[in-house]
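Let me begin by presenting the structure, written as structure tokens, before commenting on it.
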Amino acid sequence: MVEGVHIWPGLLKSQVTLGREDVMVELILTVADQKQLVRRFRQRGREAPGRRGKRYLDNIETIWAQQSMLTQEAKNQGIPVIHNQEQESATVEIMGLVSSAIVAHAHSG
């Protein structure tokens with residue numbers, strides 16, 4: 847699993863050679879509301895001080911712009927965009943994408 851906002855949508859597909867049994871599932875996980883993102887960074891700062899929530903809050907405009915740009919690029923490339931409003935529903939949606947990709951891969955070879 848590769849995770850991080852620094853990964854340009856579609857980049858891995860062109861840079862990684864997959865083995866016969868490997869499956870790649872690209873997706874973008876977003877927070878659709880900037881106020882909700884601010885709340886999450888504040889909570890992160892309280893729950894995990896080592897993750898420096900304040901640093902994220904100080905750069906919220908840049909983070910929001912980056913997320914918007916990455917989200918639009920994912921949409922342009924047909925990469926699923928998962929809105930992480932609620933952890934459980936986002937997890938179910940992601941697991942559905944992963945399961946579908948595994949089944950499709952199994953039937954292709």
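Per our numbering, residue 847 is the first one in the sequence shown, and the count goes up by one each step.
No residue lacks a Cβ here, since even glycine has one placed at the ideal position from N, Cα and C.
Predicted model only: the values in this text are computed from it and were never measured.
* To do: Determine the burial state of G865: buried for a count of at least 16 other Cβ atoms within 10 Å of its Cβ, exposed for fewer.
  => Working through the sequence shown from its first residue, we reach residue 865 at position 19. G865 comes out exposed.
* I think I925 touches A936, with their Cβ atoms under 8 Å apart; what is that distance to the nearest whole Å? -> As a working mapping, residue 925 is identified with position 79 in the sequence shown. As a working mapping, residue 936 is identified with position 90 in the sequence shown. Actually they are not in contact, since the Cβ atoms of I925 and A936 sit about 15 Å apart, beyond 8 Å.
* Asked: Apart from the five residues on each side of it in sequence, which residues of its chain come closer than 7 Å, Cβ to Cβ, to I909?
  -> Against the sequence shown, residue 909 aligns to sequence position 63. So the list reads Y902, once near-sequence residues are dropped.
* To do: Mind listing, in chain order, the continuous beta strand (DSSP E) runs of no fewer than 3 residues lying wholly within the region 894 to 919?
  => Under the rule that a run must span 3 or more residues, no beta strand (DSSP E) segment is found entirely inside the region 894 to 919.
* Asked: Which value, in whole angstroms, describes the spacing of the CA atoms of L858 and E932?
  -> As a first step, residue 858 is located in the sequence shown; it is residue number 12 there, counting from the start. As a first step, residue 932 is located in the sequence shown; it is residue number 86 there, counting from the start. Near 27 Å, if we compare the C-alpha coordinates of E932 and L858.
* Under the DSSP definition of a beta bridge, which residues are partnered with V957? -> This structure cannot speak to residue 957, because the chain is shown only from 847 to 955.
* Element boundaries [alpha helix (DSSP H), containing V869] -> As a position in the sequence shown, residue 869 is number 23, starting the count at 1. In the DSSP annotation of this structure, V869 is not part of any alpha helix (DSSP H), being labelled neither H nor E.
* Buried or exposed by the 16-neighbour rule on C-beta atoms within 10 Å, applied to P855 -> Reading the sequence shown from its first residue, position 9 is the one you call residue 855. P855 comes out buried.
* To do: Check whether the Cβ atoms of A920 and I874 lie closer than 7 Å to each other.
  => One-based indexing of the sequence shown puts residue 920 at position 74. One-based indexing of the sequence shown puts residue 874 at position 28. A distance below 7 Å separates the beta carbons of A920 and I874.
* Check whether the Cβ atoms of T876 and Q913 lie closer than 7 Å to each other. => Counting from one through the sequence shown, the residue named residue 876 turns up at place 30. Counting from one through the sequence shown, the residue named residue 913 turns up at place 67. Taking 7 Å as the Cβ cut-off, T876 and Q913 qualify as a contacting pair.
* Contact set for R888: own chain, Cβ-Cβ below 8 Å, skip 5 residues either direction -> By 1-based counting over the sequence shown, the position of residue 888 is 42. Excluding positions up to five away in sequence, the list reads G899 and L903.
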